[in-house]
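Student:
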Amino acid sequence: MATAGIQFKIMPDGLDVDLEELKKNLKKATESFESGVFNDVKEEPIAFGLKALIVTIALSESEESDAVEKAFSEIKGVSSVELIDYRRAIG
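Take 106 as the starting number for the sequence shown in the working numbering and just add one per residue.
1) Check this for me: beta carbons of GLU187 and PHE138, under 9 Å apart or not?
2) Terminal residues of the continuous beta strand (DSSP E) containing GLU148?
3) I think LEU158 touches VAL173, with their Cβ atoms under 8 Å apart; what is that distance to the nearest whole Å?
4) Is LYS133 helix, strand or coil by DSSP?
5) For SER167, which residues of its own chain have a beta-carbon under 7 Å away from its beta-carbon, when the five flanking residues on both sides are left out?
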C-alpha cells in the first residue's frame, strides 16, 4: 500500500487551550496508528487571538483517515477537526 500525506485543521475549544499540550496529544494520537507518522504542525491565526493548528501526517492508505479524525476529535481541548488535504505520496 502507498502512503498518504494528510492535513487536518484542528480548532481548539477556546483561547485558554494550551496549544503546546494539544500538539503533544495530537502527536501521541497519530503515533497510536501502526503507520502513523507526525510530520508537522503549524499555528494559523483565526481571529481575536484564536489559532487553529494545521497538522500534517503520513499514514498508510490501508488505514482510514476517518479513524485519525475521530481520534483527534476525542482529544481534550479540540472543538473540531477538518480534513483539508489528502495526497498520495510517491516513494
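Glycine residues also receive a C-beta, built at the ideal position from the N, C-alpha and C atoms.
Tutor: Quick answer:
1) No, the pair does not count as a contact, with Cβ atoms beyond the cut-off.
2) For GLU148, the enclosing beta strand (DSSP E) begins and ends at 142–152.
3) Between LEU158 and VAL173 the beta-carbon gap is near 14 Å, outside 8 Å, which marks them as no contact.
4) It is helical.
5) Taken in chain order, the residues that qualify are MET106.
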